[in-house]
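One structure below.
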Amino acid sequence: MMGKTNMQMRLGDDDLLLIIDVQNDFCPGGALAVADGDAVVPVINRLAERFNHVVLTQDWHPPGHSSFATSHPGAAAFDTISMPYGQQTLWPDHCIQGTPGAAFHPQLATDRAELVIRKGFRAAIDSYSAFHENDRRTPTGLAGYLRERGLRRIFLVGLATDYCVYYSAVDARRLGFDTVLVEAGCRAIDLAGSLDAAWAGMADAGVQRVNDLG
Ligand code: VGL
Ligand code: ZN
Numbered sequence: 001m002m003g004k005t006n007m008q009m010r011l012g013d014d015d016l017l018l019i020i021d022v023q024n025d026f027c028p029g030g031a032l033a034v035a036d037g038d039a040v041v042p043v044i045n046r047l048a049e050r051f052n053h054v055v056l057t058q059d060w061h062p063p064g065h066s067s068f069a070t071s072h073p074g075a076a077a078f079d080t081i082s083m084p085y086g087q088q089t090l091w092p093d094h095c096i097q098g099t100p101g102a103a104f105h106p107q108l109a110t111d112r113a114e115l116v117i118r119k120g121f122r123a124a125i126d127s128y129s130a131f132h133e134n135d136r137r138t139p140t141g142l143a144g145y146l147r148e149r150g151l152r153r154i155f156l157v158g159l160a161t162d163y164c165v166y167y168s169a170v171d172a173r174r175l176g177f178d179t180v181l182v183e184a185g186c187r188a189i190d191l192a193g194s195l196d197a198a199w200a201g202m203a204d205a206g207v208q209r210v211n212d213l214g
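Going letter by letter, the sequence shown gives residues 1 to 214 in full-length UniProt numbering.
Here it is in structure tokens:
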């Protein structure tokens, strides 16, 4: 179901476009490809021109990261296991630091980004959210950056809607930011109902959902 709203709005100096994980491994041909993932690139490039502030996140795992199924003998990709910090979905090896799969999509316009937040770089813990690692407590520093720079409203786009975009959106609300998800700039993994759960979780958290910015 698509959000119906085409938001006609004036963007100001306290608005940020937060672009989540638009990396080769999440695009067709990549290690954890999201269906139609590369379709977000022209949409995001068009949106980014309208913002005075653009921040990127980059999933950035060391080899042998604990979120990789290959690090758990007997486990398969997309299984769920218990970690000290909670339940964790296991993934194919992806976004390994310094590899082509971890690079941003080559057509993504990154020059105007003022900050790149790398996440998931500690072997023992995953990080879906741009704000907190998967223990929901360890901060990435992004909230402090945004507050210190006076950025108050966050427009979210990127990959994947039901994992890193979802966790980032809910954390953004929890941290007190106005939060808008722009659906045309997102694509989902949709694993075992994860997309429905993400929409419900975002609605509960007060994340505004729009189809595009008119
Ligand atoms: C993501 C699964 C594993 C994402 C990152 O960017 O949504 N999903 N790592
Ligand atoms: Zn990852």
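Built from N, CA and C at the ideal position, the CB exists for glycine as well. Note that the structure is a prediction, hence the values are computed from the model and not measured.
Residue i versus residue j: straight-line alpha-carbon distance, rounded
i, j, result
"Asp21", "Ala113", "13 angstroms"
"Gly158", "Arg187", "7 angstroms"
"Gly120", "Gln107", "24 angstroms"
"Ser129", "Tyr166", "8 angstroms"
"Gly214", "Val182", "11 angstroms"
"Phe131", "Asp13", "21 angstroms"
"Asp178", "Tyr145", "16 angstroms"
"Met9", "Asn211", "13 angstroms"
"Ile170", "Gly176", "One detail in the question is off: residue 170 reads as Val in this sequence, not Ile. In a straight line, the C-alpha of Val170 is about 10 angstroms away from that of Gly176."
"Gly29", "Arg137", "33 angstroms"
"Gln208", "Gly201", "12 angstroms"
"Ala77", "Asp15", "37 angstroms"
"Thr110", "Asp25", "17 angstroms"
"Ser82", "Gln88", "6 angstroms"
Beta carbon of residue i nearer than 8 angstroms to that of residue j
i, j, result
"Val34", "Gly185", "no"
"Leu90", "Ala69", "yes"
"Leu18", "Ile125", "no"
"His105", "Leu32", "no"
"Gln23", "Ala103", "yes"
"Ile55", "Leu115", "Checking the sequence, you will find Val at residue 55 rather than Ile. Yes, the Cβ-Cβ distance between Val55 and Leu115 is below 8 angstroms."
"Ile117", "Thr57", "yes"
"Arg173", "Ala205", "yes"
"His61", "Ile96", "yes"
Heavy atom of the ligand ZN within 7 angstroms of residue i beta-carbon
i, result
"Cys95", "yes"
"His61", "yes"
"Gly64", "no"
"Asp204", "no"
"Asp126", "yes"
"Ser67", "yes"
"Gly120", "yes"
For residue i, the three-state DSSP class (helix, strand or coil)
i, result
"Phe155", "strand"
"Cys164", "helix"
"Ala103", "coil"
"Gly144", "helix"
"Phe131", "coil"
"Ala198", "helix"
"Thr110", "coil"
"Val22", "coil"
"Asn6", "strand"
Any non-hydrogen atom of the ligand VGL within 7 angstroms of residue i CB
i, result
"Leu146", "no"
"Tyr85", "no"
"Trp91", "yes"
"Phe51", "no"
"Ile20", "yes"
"Leu32", "yes"
Short CB-CB distance (under 8 angstroms) between residue i and chain B
i, result
"Gly29", "Absent from the structure is chain B; it holds one protein chain and no more."
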